[in-house]
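Undergrad: Please find one structure pasted underneath; my questions will follow.
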Amino acid sequence: MLYIFDLGNVIVDIDFNRVLGVWSDYSRIPLANLQKSFVMGDTFHRHERGQISDEEFAAAVCEEMDMALSFEQFATGWQAVFVALRSEVIALMSKLRERGHRVVVLSNTNRLHTNFWPGEYPQIAEAADKIYLSQDMGMRKPDAEIYQKLLEAEGFSADRAIFFDDNVDNIKGAQQAGITSILVTGKETLPDYFAKNPC
298 MLYIFDLGNV
308 IVDIDFNRVL
318 GVWSDYSRIP
328 LANLQKSFVM
338 GDTFHRHERG
348 QISDEEFAAA
358 VCEEMDMALS
368 FEQFATGWQA
378 VFVALRSEVI
388 ALMSKLRERG
398 HRVVVLSNTN
408 RLHTNFWPGE
418 YPQIAEAADK
428 IYLSQDMGMR
438 KPDAEIYQKL
448 LEAEGFSADR
458 AIFFDDNVDN
468 IKGAQQAGIT
478 SILVTGKETL
488 PDYFAKNPC
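The sequence shown begins at 298 in my numbering and counts up by one.
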């Protein structure tokens with residue numbers, strides 16, 4: 298079987314309020330104001346597809362949110378999103394590979410984040426056969442093409458794949474591609490799933 302794991306809030310806990318907190322400290326704009334103006338819109342999606350540079354992304358977001366930050370200040374905040382590794386998921390991924398299954402990561406991410414988390418959490422690369430990143434693929438979840446591209450690259454049919462993600466839209470996209478998809482709603486989701494479905 299092919300097991301596909303999302304990154305944020307599946308393998309690593311993330312919290313965008315931490316990002317906004319750092320930006321608030323640097324910009325002196327109240328956190329509540331930033332929370333209201335922060336949107337994952339077109340600029341965010343284009344960055345995840347690798348269509349704009351980190352610098353262009355930072356400038357656009359600062360303009361959209363009316364923040365006066367240097368690129369370094371923006372980046373420090375942007376990388377604060379990562380909270381902690383879910384070691385129990387790393388253990389599950391490693392166990393799946395030991396039992397002969399293929400284990401990959403499929404993440405909507407961006408250069409600024411991939412300059413940070415691989416060094417911070419080397420266990421992820423160690424526990425996965427391959428890591429697929431949206432900015433490298435030029436596409437992002439929940440677009441149907443990203444799931445098809447992954448299946449083709451891995452040489453698996455959709456009915457031989459299982460996908461774990463914390464985003465409902467991403468789950469629906471994978472289901473439309475014919476992939477069995479499990480919505481991760483908390484840290485108990487994956488251990489519970491594998492307790493009921495031994496690999």
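From the three backbone atoms N, C-alpha and C, an ideal C-beta is built for every residue, glycine too. From a predicted model like this one, the values you see are computed outputs, not experimental measurements.
Here's the rule I'm using: 16 or more other beta-carbon atoms within 10 Å means buried, otherwise exposed. How should GLN432 be labelled?
TA: For this step, residue 432 is matched to residue 135 along the sequence shown. Buried, by the Cβ-count rule.
Undergrad: What residue range does the alpha helix (DSSP H) around ASP426 cover?
TA: Counting from 1 along the sequence shown, the entry for residue 426 is found at position 129. Here ASP426 belongs to no alpha helix (DSSP H), and DSSP marks it neither H nor E.
Undergrad: For VAL336, which of ASP440, MET364, PHE302 and VAL358 has the nearest alpha-carbon?
TA: The residue you call residue 336 lines up with position 39 of the sequence shown. Nearest C-alpha to VAL336: VAL358.
Undergrad: Between the segment 369 to 386 and the segment 307 to 319, do at least 3 Cβ pairs fall closer than 8 Å?
TA: Because the criterion of three Cβ pairs below 8 Å is met, the segment 369 to 386 and the segment 307 to 319 touch.
Undergrad: Considering only the beta carbon of each residue, do PHE379 and ALA355 sit closer than 8 Å?
TA: Residue 379 sits at position 82 when you count from the first residue of the sequence shown. Residue 355 sits at position 58 when you count from the first residue of the sequence shown. Taking 8 Å as the Cβ cut-off, PHE379 and ALA355 do not qualify as a contacting pair.
Undergrad: Mark ASN412 as exposed unless 16 or more other C-beta atoms lie within 10 angstroms of its C-beta, in which case mark it buried.
TA: Within the sequence shown, the letter at position 115 stands for residue 412. Exposed, because fewer than 16 other Cβ atoms sit within 10 Å of the Cβ of ASN412.
Undergrad: When you compare the CB positions of LEU447 and LEU480, do they come within less than 8 Å of one another, or not?
TA: The residue you call residue 447 lines up with position 150 of the sequence shown. The residue you call residue 480 lines up with position 183 of the sequence shown. No.
Undergrad: Going by alpha carbons, who is nearest to TYR323 out of ASN407, ASN405 and LEU366?
TA: Position 26 of the sequence shown, counted from the first residue, corresponds to residue 323. The shortest Cα separation from TYR323 among ASN407, ASN405 and LEU366 belongs to LEU366.
Undergrad: Within its chain, find whatever has a CB closer than 7 Å to the CB of VAL319; leave out the 5 residues flanking it on each side and keep chain order.
TA: As a working mapping, residue 319 is identified with position 22 in the sequence shown. Excluding sequence neighbours, VAL319 sits near THR373, GLY374 and ALA377.
Undergrad: Near LEU393, which residues of its chain fall below 6 Å by C-beta distance, leaving aside the five closest residues on each side in sequence?
TA: Translated into positions along the sequence shown, residue 393 becomes position 96. Correct list, in chain order: TYR300, VAL400 and CYS496.
Undergrad: How is VAL465 classed by DSSP in three states: helix, strand or coil?
TA: Counting from one through the sequence shown, the residue named residue 465 turns up at place 168. Helix at VAL465.
Undergrad: Whose C-alpha, out of GLU449, PRO419 and ILE476, is nearest the C-alpha of ARG499?
TA: Past the edges of the chain, shown from 298 to 496, lies residue 499, and the structure says nothing about it.
Undergrad: Between LEU331 and LEU317, how many whole angstroms is the CB-CB distance? I'm expecting something under 8 Å.
TA: For the purposes of this step, residue 331 is taken as residue 34 along the sequence shown, with counting starting at 1. For the purposes of this step, residue 317 is taken as residue 20 along the sequence shown, with counting starting at 1. At roughly 5 Å, the Cβ-Cβ gap stays under 8 Å, so LEU331 and LEU317 are in contact.
Undergrad: Within 10 Å of its beta-carbon, does THR406 have 16 or more other beta-carbons around it, so buried, or fewer, so exposed?
TA: Here residue 406 refers to the residue found at position 109 of the sequence shown. Looking at its Cβ environment, which holds 16 or more other Cβ atoms inside 10 Å, THR406 is buried.
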